[in-house]
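Q: The structure under discussion is supplied below as structure tokens; questions concerning it will follow.
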């Protein structure tokens with residue numbers, strides 16, 4: 001997965017060990033020679049730690065504290081490092097997310113039950129929630145606690161569309177997918193727009209549109225039992241027609257996002273920008289997304305979940321064992 005035997009210049013796998021060299025702070029490293037393009041490259045070439053002089057163990061220690069809820073300025077003071085240095089390390093770690101997403105989507109899954117929910121925090125300044133860019137969409141697989149989407153922005157169509165596009169890619173790799181939400185209809189509406197099919201039964205008239213076979217959406221309405229026009233709403237509902245061959249095996253007791261809401265409380269502890277009862281802000285939307293990408297990597301591939309006692313990627317079947325911090329920092333970035 002880390003591309004250790006692949007040439008970063010020509011992507012050839014015909015590489016041989018050239019020599020071992022001594023670094024100033026990270027011990028010995030290997031130097032490789034590509035037999036195709038005849039170029040030399042270090043084992044850290046095109047990885048997250050390429051060109052970094054600080055000891056890898058120290059970088060890991062600092063990044064660990066950031067993913068445990070310590071603020072950016074506090075980490076800089078505690079470890080006596082420059083703010084720009086820590087931001088560089090965090091940006092490199094966040095850039096690893098795209099590689100891991102592609103790796104996760106190369107697997108085929110039998111069944112997934114995904115919960116959808118939103119978090120809220122302030123960005124830059126205190127504005128009304130409807131105008132704030134601090135909303136975060138979360139899509140989490142219930143059994144394994146694997147998070148598929150963790151994206152922040154203004155709570156509008158574009159933010160929901162991003163999450164549903166990821167969900168569509170998951171659906172294409174899964175035989176049976178169930179999406180459950182608490183009251184938010186935009187998940188189901190956008191999913192129906194991009195993931196429907198025309199049901200041709202041979203009967204006269206226009207064939208109806210239904211969700212793809214194996215895809216189910218369930219909605220639990222919260223709050224009052226009436227909508228804005230005063231009409232009564234069912235507590236549990238299927239917002240869009242589904243394929244007649246889709247198994248209807250979702251019970252009302254399963255229609256909730258309780259597991260995700262419990263994880264949201266954990267996210268607030270591990271990301272200082274989401275602290276409640278404090279005057280804490282994310283400076284920018286890009287900075288908030290950087291911390292979310294770091295949290296996504298650590299939650300899915302490194303840290304064991306406290307309920308399942310497994311790394312979510314292992315519980316979902318993507319990996320046989322969780323990754324270490326060292327392995328994540330040595331993930332090869334794609335060659336442009």
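In full-length UniProt numbering, the protein residues as written are 1 to 336.
Glycine residues also receive a C-beta, built at the ideal position from the N, C-alpha and C atoms.
Check for me: the alpha helix (DSSP H) holding residue 274 runs from which residue to which?
A: Numbered from its first residue, the chain shown carries residue 274 at position 274. Where residue 274 is concerned, there is no enclosing alpha helix (DSSP H), given that its DSSP letter is neither H nor E.
Q: Per the DSSP calculation, residue 141 is bridged to which residue(s)?
A: Indexing the chain shown from 1 puts residue 141 at position 141. 114, per the DSSP bridge assignment.
Q: Could you check how far apart the C-beta atoms of residue 139 and residue 147 are, in whole angstroms? I think they sit under 8 Å.
A: Position 139 of the chain shown, counted from the first residue, corresponds to residue 139. Position 147 of the chain shown, counted from the first residue, corresponds to residue 147. Yes, they are in contact, since the Cβ atoms of residue 139 and residue 147 sit about 7 Å apart, within 8 Å.
Q: Who pairs with residue 307 in a beta bridge, going by DSSP?
A: Along the chain shown, one-based indexing puts residue 307 at 307. Bridge partners of residue 307: none, in fact.
Q: Nearest-angstrom Cα distance between residue 41 and residue 86?
A: Here residue 41 refers to the residue found at position 41 of the chain shown. Here residue 86 refers to the residue found at position 86 of the chain shown. For residue 41 and residue 86, the distance between alpha carbons rounds to 26 Å.
Q: From residue 3 to residue 327, what distance separates their C-alpha atoms?
A: As a position in the chain shown, residue 3 is number 3, starting the count at 1. As a position in the chain shown, residue 327 is number 327, starting the count at 1. For residue 3, the predicted structure reports a pLDDT of 44, less than 50, and the residue's modelled location is therefore unreliable. A value from the coordinates is still provided. Going from the Cα of residue 3 to the Cα of residue 327 covers about 11 Å.
Q: Under the assumption that residue 169 contacts residue 117 (Cβ atoms under 8 Å), give the Cβ distance between them as a whole number of angstroms.
A: For this step, residue 169 is matched to residue 169 along the chain shown. For this step, residue 117 is matched to residue 117 along the chain shown. With 8 Å as the limit, residue 169 and residue 117 do not qualify as a contact, their Cβ atoms being about 20 Å apart.
Q: Return helix, strand or coil for residue 247, following the three-state DSSP convention.
A: Numbered from 1 along the chain shown, position 247 holds the residue referred to as residue 247. Residue 247: coil per DSSP, three-state reduction.
Q: For residue 65, which of helix, strand or coil comes out of DSSP?
A: Locating residue 65 in the chain shown gives position 65, counting from the first residue. Three-state DSSP puts residue 65 in a helix.
Q: Check whether the Cβ atoms of residue 142 and residue 113 lie closer than 8 Å to each other.
A: Here residue 142 refers to the residue found at position 142 of the chain shown. Here residue 113 refers to the residue found at position 113 of the chain shown. Yes, the pair counts as a contact, with Cβ atoms nearer than the cut-off.
Q: Give the DSSP bridge partners of residue 237, in chain order.
A: The count along the chain shown starts at 1 and reaches residue 237 at position 237. Residue 237 pairs with 219.
Q: Could you tell me the alpha carbon to alpha carbon distance between residue 273 and residue 283, rounded to whole angstroms?
A: As a first step, residue 273 is located in the chain shown; it is residue number 273 there, counting from the start. As a first step, residue 283 is located in the chain shown; it is residue number 283 there, counting from the start. Taking the straight line from one Cα to the other gives about 9 Å.
Q: Would you call the segment 305–312 and the segment 68–81 in contact, with 3 or more CB pairs under 8 Å?
A: Because the criterion of three Cβ pairs below 8 Å is not met, the segment 305–312 and the segment 68–81 do not touch.
Q: According to DSSP, is residue 337 helix, strand or coil?
A: An answer regarding residue 337 cannot be provided, because it is not within the stretch 1 to 336 covered by the chain.
Q: Return the residue from the list 11, 126, 58 and 29 that minimises the CA-CA distance to residue 39.
A: Here residue 39 corresponds to residue number 39 of the chain shown, with the count starting at 1. Taking only the C-alpha atoms, the option nearest residue 39 is 11.
Q: Pair every Cβ in the segment 314–332 with every Cβ in the segment 128–139, then say whether three or more of these pairs are closer than 8 Å.
A: The segment 314–332, when compared against the segment 128–139, does not touch it at the 8 Å Cβ threshold.
Q: How should residue 44 be labelled, buried or exposed, when 16 other C-beta atoms within 10 angstroms of its C-beta is the threshold for buried?
A: Translated into positions along the chain shown, residue 44 becomes position 44. Buried is the call here.
Q: With distance defined between alpha-carbon atoms, name the residue in 6, 21, 111 and 244 nearest to residue 200.
A: Position 200 of the chain shown, counting from 1, holds the residue named residue 200. Nearest of 6, 21, 111 and 244 to residue 200, Cα basis: 244.
Q: For the segment 233–240 against the segment 215–222, do three or more pairs of beta-carbon atoms, one drawn from each stretch, fall closer than 8 Å, so that the two count as touching?
A: Contact between the segment 233–240 and the segment 215–222 is present, because at least three Cβ pairs lie under 8 Å.
Q: What's the C-alpha gap between residue 287 and residue 95?
A: By 1-based counting over the chain shown, the position of residue 287 is 287. By 1-based counting over the chain shown, the position of residue 95 is 95. The straight-line gap from Cα to Cα measures roughly 13 Å.
Q: Which of the three DSSP states, helix, strand or coil, is assigned to residue 2?
A: On the chain shown, residue 2 is found 2 positions in, with the first residue counted as 1. Its pLDDT being 42, under 50, residue 2 is placed unreliably by the model, and nothing is read from it.
Q: Whose C-beta lies closer than 8 Å to the C-beta of residue 105 among residues of the same chain, with five residues either side of it excluded?
A: Here the question's residue 105 lines up with position 105 in the chain shown. Once the five neighbours on either side are set aside, the close Cβ partners of residue 105 are 169, 170 and 173.
Q: Measure the alpha-carbon distance for residue 289 versus residue 100 and round it to whole angstroms.
A: Reading the chain shown from its first residue, position 289 is the one you call residue 289. Reading the chain shown from its first residue, position 100 is the one you call residue 100. Cα to Cα, residue 289 sits roughly 16 Å from residue 100.
Q: Which residue comes first and which comes last in the alpha helix (DSSP H) that contains residue 259?
A: Counted from its first residue, the chain shown places residue 259 at position 259. Note, residue 259: alpha helix (DSSP H), 258–270.
Q: Start and end of the beta strand (DSSP E) containing residue 50?
A: To locate residue 50, count along the chain shown from 1; it is residue 50. Careful: residue 50 lies outside any beta strand (DSSP E) and carries neither H nor E.
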